[in-house]
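Heads up: the structure comes next, in structure tokens.
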Amino acid sequence: MNKESYVKAVAKRLTCSKARQAEFVRDLESDIAAALSAGETWEQVESRMGDPRQVAQEFNEDLSEAERAAGKKRKRTKTIAIVAAVAVVMVAIIGAATWWVSPKTAPAGQSSHQTEQQVIERAQEVVALLDAGDYETLQSMSIDEMKVGLNAEMMEQAREITVPGDWGAFESFGNAYATEISQSGQVFDVVEVVAVYEKATVTYGISFLNGEELAGIRMR
Numbered sequence: 001m002n003k004e005s006y007v008k009a010v011a012k013r014l015t016c017s018k019a020r021q022a023e024f025v026r027d028l029e030s031d032i033a034a035a036l037s038a039g040e041t042w043e044q045v046e047s048r049m050g051d052p053r054q055v056a057q058e059f060n061e062d063l064s065e066a067e068r069a070a071g072k073k074r075k076r077t078k079t080i081a082i083v084a085a086v087a088v089v090m091v092a093i094i095g096a097a098t099w100w101v102s103p104k105t106a107p108a109g110q111s112s113h114q115t116e117q118q119v120i121e122r123a124q125e126v127v128a129l130l131d132a133g134d135y136e137t138l139q140s141m142s143i144d145e146m147k148v149g150l151n152a153e154m155m156e157q158a159r160e161i162t163v164p165g166d167w168g169a170f171e172s173f174g175n176a177y178a179t180e181i182s183q184s185g186q187v188f189d190v191v192e193v194v195a196v197y198e199k200a201t202v203t204y205g206i207s208f209l210n211g212e213e214l215a216g217i218r219m220r
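Written out as structure tokens, the structure is:
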């Protein structure tokens, strides 16, 4: 885990107000920067500071009741926002995926003149961009309805819901398959690919509209 991921892993577990969270993150980043400037490697700093979950837990234990209450309110607000965003994305996917009714299937990539392997590799690229947190690139390659949920906060929550805790570093891709599904003039390449991390195995479902635009992401 790099230092940016470490700070995010701590921050998302803080049960305090947004202002107090921002203050703690600034202090944590300052401590890390000072240690690195003093000659420590990031690996040494990470080892000394400990697991992000433990760092967050120790911070949360010292919070006042007022801060705890503010944290609960912030979490509720965030959950409502996430549910709303996910609902928008799901409506987009469902609206675009009317192929569930009498779909027509074909080999993946047939309409877009790609091979199945090329379609799978494109899905793997999406996974790599998610892991790298490159949401700007992901948004640029997505249908408009997808863009609302493609940001760090939403995807971190989605990851936490899918497999709680630290997934660890990406290790390899496992089994993958793809197919083309079409109806009413819309054509989707639908890919299911397994990604293996140090501490988790995640199956991604990724779809592309007309072989180009990212139209759906799910994780389980």
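For the sequence shown, UniProt numbering puts the final residue at 220, and the numbers step up evenly by one.
For every residue, glycine included, the Cβ atom is placed at its ideal position computed from N, Cα and C.
Quantities reported herein were computed from a predicted structural model and do not represent experimental measurements.
Asked	Found
Alpha carbons only, please: which of D189, G185, A169 is nearest the one belonging to Y177?	D189
Once you ignore the five residues that flank S207 on each side, which residues in its own chain have a CB closer than 6 Å to its CB?	F188, V190, A215, G216
Who does A106 pair with in a DSSP beta bridge?	E180
Identify the residues that DSSP records as bridge partners of S112: which are they?	None, per the DSSP bridge assignment.
Please report the residue range of the beta strand (DSSP E) in which M219 lies.	213-219
With a cut-off of 8 Å on the beta carbons, I'd call S142 and E213 a contact; round off their distance for me.	6 Å
Could you name the residues of the same chain whose beta carbon sits closer than 7 Å to that of I32, not counting the 5 residues immediately before and after it, in chain order?	K3, V45
At the level of alpha carbons, what is the spacing between V7 and T201?	23 Å
From D62 to S172, what distance separates their C-alpha atoms?	40 Å
When burial is assigned at 16 or more other CB atoms within 10 Å of the CB, is P164 buried or exposed?	exposed
Could you check the C-alpha separation between L150 and S140 for me, to the nearest Å?	10 Å
Please identify the residue among D131, V55, Y197, E145 whose C-alpha is closest to the C-alpha of W167.	Y197
Drop a sphere of 10 angstroms on the beta-carbon of E58, count the other beta-carbons inside from all chains shown, and report buried for 16 or more, exposed for fewer.	exposed
For N175, which three-state DSSP category applies?	strand
Measure the CB-CB distance between G174 and E192 and report whether it falls below 7 Å.	no
Which partner residues does V127 have in the DSSP bridge list?	None; V127 has no bridge partner.
Quick one: what does DSSP say L14 is sitting in, helix, strand or coil?	coil
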